[in-house]
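Scroll down for the structure; my scribbles are underneath it.
Residue numbers (the numbering used here): 33 to 977.
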């Protein structure tokens, strides 16, 4: 062994060159003598001594600079052939590490005391130890059985810690004076990489063999320190791979250092744009984040609170990636973020990543001012930018979020949208002050609102809703939906419904609809609270803030409409049935609005398959139940909800009653029941009358059996509306117009059955209130807070309805029933109601005459002629009694002449001649009678008293 190491310097004065040549010669001869059989025969102590001397030769400074390559190769060959127990290099590595640590401590103490003497010798000794360690590590690296031994783990981590101390201790290697040259730089990074590489092989081999390295041997904090202090990308990559390997065996050890690791990665490694570094990052993400996800113990059965807790734990890691987004090479962003989400689990954390990306955009879009951060009142600043303009101007992050969502299944995307909407429900309307904590800031929300202004909160709300709508209408998402639908058609009957993709998606759509309804309700409530708070301070919301909230609400309704259209019809019906029983009245109303929109859309499309019609008709029962429910629990149902339900029935009737009359006959009872015409609210009654009108129009004769039930009710509302007409409110006028529409439908579809109601009908339709030329006759009631122009339109509409109904009755009702009713009305009511009512009746009689055929006229001309004679005698009979003024009688006579002309036109010559003669005789007799009366009066005045 002494021969291998070479002769010592005995100071005999020989030149250095001769001594070095002798050393090389002796070393070559000794290497040749160390054969394989001899190496195998050596004991443990001799093996260790031989290894030490061989390593000393390799590590000698002179050999490194002036050594012989053949000697180095021979020594390495001996080491390769030397059978070695793993415990021997473990002891040596530990010894070298301890020696380095001691030298570092000595150097530190000398530096503190200000002594520079001896510093050079310490550096030289440390350099020798480092080179020996390098040689040993290279030797271990080549010995496969040795390098894979777990016994090396603890010594290697100790050595790694010692190399860190050398790296940070600047006393080592410093010259004693300015004239001295510094020692050659130590291969610190190379040594670290050797240590980490051996450790990486150890963990890979043990994992492959199903063995775990003892946890007590690991120093994860040392490895993290290596990552943070090193400037070498190779060291970074190898360290991350080693951390990934450790995380597979002992995840909890890595978990405590996760934030330090990923913070460093975000600041440094993410910027690298080479394939190997990117591969390392992916490995680190998959292996290091997994323990954190498992520690959250999130399952599909967890509550929303559990998911929120898990999201808050994952948030710091996800934030590292979101904050580093702009520093990651553009072409690697999507793959990297998709890897993060896949590792954490898209089912639970896709929404968290999307939410943080949208939060980032909201912060960029509306940076807070100092005033925003000090007070929530600053939200009323007039500098609020338009939300839509901000989205269009800075869409980079939102576009990336959309592309990221497209990497996952339709079910995962829908679930992420649902979670985003639910998170919106917890957001306050305005930024809370520090002394006003809310549920969101106390740990139940995803985003960090403590540093967000009110403006940014509004921007975030809008961005989430805008993103949701974009995702639902995007081609990749719709394509995935179609793929799921196609796959579902191939599923066998033995597969449970929850495993069928399209069924899962439909359920997600149902949840999304419910979540959006809650969001819309929440937005309306928050906005109302802001308005009320401003009113309490005798101020108003600024126009920009008010506009922003309206934009948010509009976007929410747009997203809801998109979701509604994407939901399969059978599942949409099931969703409606479920949500109509929801505890929130506002949600029930909005569900009814959605139903009405969907039914109208299907009805207008014209495509009505049997399956579609069957699904649509299934909506009738739950809507009717909501209207008919008079229980105590239903007493709180708002009139608006009743109106919405009746509107749904109206739309259903318009499009589907004609083809399916039997399904709609029972709805008449609903329309005229306690929840319809019998309701106390006039607006509900008006809606019920509209429903009844369409039922009559679509069902026709099938509505006749129930005519005696609803005709009196309709006439009652018409009569009340007519009497209140001069001073009627908008709601009263609306109800009157609706009632007149119902009468028009009845007259059109059931003319043969209205004659019992003709007296009451004519009393209302011919009333002077509806036929007066003054819009507000007799009404001096002030009209404060009334939209006069709208009321005028309603009045005009009511008059038009009356004329249309009279025309329909004149054409459709048999003269056998109609003429007696007209004559009777003239005798009993017309003149009492005034000239306007009488003129309306005469016009109505003229319409009746015009509508009659000549054959029909031949049956009824005599009573009609007699009626006209009575009317023509109005001046003589009523002028003296002061029932009518002269001007009124003129109007009556003009109307009578117009009606008589229409009557005469329908007469044949055969009928006209005798009537003309009778008319002349009647007129002559009347004139003669008047002359006689005058003569008698004159004679009586001339006679003596």
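All residues carry an ideal CB built from backbone N, CA and C; glycine is no exception.
All figures in this text were calculated on a predicted structure; none of them were measured in a lab.
Can you tell me which of the three DSSP states residue i falls into?
{"i": "residue 483", "result": "coil"}
{"i": "residue 530", "result": "Since pLDDT at residue 530 reaches only 49, below the 50 mark, its modelled position is unreliable, and no value is offered."}
{"i": "residue 509", "result": "helix"}
{"i": "residue 426", "result": "Note that residue 426 has pLDDT 49, beneath the 50 cutoff, so the model's placement of it is unreliable and no number is given."}
{"i": "residue 446", "result": "helix"}
{"i": "residue 822", "result": "helix"}
{"i": "residue 934", "result": "helix"}
{"i": "residue 957", "result": "helix"}
{"i": "residue 708", "result": "coil"}
{"i": "residue 662", "result": "coil"}
{"i": "residue 538", "result": "helix"}
{"i": "residue 640", "result": "coil"}
{"i": "residue 251", "result": "coil"}
{"i": "residue 439", "result": "coil"}
{"i": "residue 263", "result": "coil"}
{"i": "residue 463", "result": "coil"}
{"i": "residue 617", "result": "helix"}
{"i": "residue 411", "result": "Confidence at residue 411 is low in this model, with a pLDDT of 41, below 50, so the placement of that residue is unreliable and no value is reported for it."}
{"i": "residue 183", "result": "helix"}
{"i": "residue 916", "result": "coil"}
{"i": "residue 458", "result": "coil"}
{"i": "residue 952", "result": "helix"}
{"i": "residue 571", "result": "coil"}
{"i": "residue 304", "result": "coil"}
{"i": "residue 244", "result": "coil"}
{"i": "residue 801", "result": "coil"}
{"i": "residue 127", "result": "helix"}
Step through the CB atoms of chain D and report whether any lies within less than 8 Å of the CB of residue i.
{"i": "residue 742", "result": "The chain inventory of the structure shown lacks chain D, comprising one protein chain alone."}
Tell me where the alpha helix (DSSP H) around residue i begins and ends.
{"i": "residue 593", "result": "575–598"}
{"i": "residue 1", "result": "Lying outside 33 to 977, the shown extent of the chain, residue 1 is not represented and no answer is given."}
{"i": "residue 718", "result": "714–731"}
{"i": "residue 795", "result": "790–797"}
{"i": "residue 283", "result": "283–287"}
{"i": "residue 236", "result": "220–240"}
{"i": "residue 889", "result": "886–904"}
{"i": "residue 686", "result": "671–688"}
{"i": "residue 747", "result": "739–755"}
{"i": "residue 606", "result": "601–611"}
{"i": "residue 979", "result": "Since the first and last residues shown for the chain are 33 and 977, residue 979 lies out of range."}
{"i": "residue 849", "result": "847–857"}
{"i": "residue 871", "result": "867–883"}
{"i": "residue 694", "result": "693–696"}
Exposed or buried, what is residue i when buried is set at 16 or more other beta-carbons lying within 10 Å of its beta-carbon?
{"i": "residue 948", "result": "exposed"}
{"i": "residue 639", "result": "exposed"}
{"i": "residue 621", "result": "buried"}
{"i": "residue 380", "result": "buried"}
{"i": "residue 922", "result": "exposed"}
{"i": "residue 920", "result": "buried"}
{"i": "residue 634", "result": "buried"}
{"i": "residue 124", "result": "buried"}
{"i": "residue 662", "result": "exposed"}
{"i": "residue 725", "result": "buried"}
{"i": "residue 895", "result": "exposed"}
{"i": "residue 706", "result": "exposed"}
{"i": "residue 194", "result": "buried"}
{"i": "residue 244", "result": "exposed"}
- Message: I'd like to know if the segment 758–771 and the segment 730–750 are in contact, where contact means that at least 3 CB-CB pairs between them fall below 8 Å.
- Response: yes
- Query: Okay, do the segment 441–449 and the segment 376–390 touch, 3+ Cβ pairs below 8 Å being the bar?
  - Reply: yes
- May I ask you to verify whether the segment 712–727 touches the segment 674–693, counting CB pairs closer than 8 Å and requiring at least 3? Proximity of the segment 712–727 to the segment 674–693 meets the contact definition, three or more beta-carbon pairs being nearer than 8 Å.
- Message: Contact between the segment 568–575 and the segment 622–629 is defined here as three or more beta-carbon pairs at a separation below 8 Å; is this criterion met?
- Response: no
- Task: Decide yes or no for the touch test of the segment 861–880 against the segment 789–801: beta carbon pairs closer than 8 Å, at least 3 of them.
- Result: yes
- contact_flag[the segment 592–601, the segment 553–560] where n(CB pairs < 8 Å) is 3 or more: Flag = no, the segment 592–601 and the segment 553–560 do not touch.
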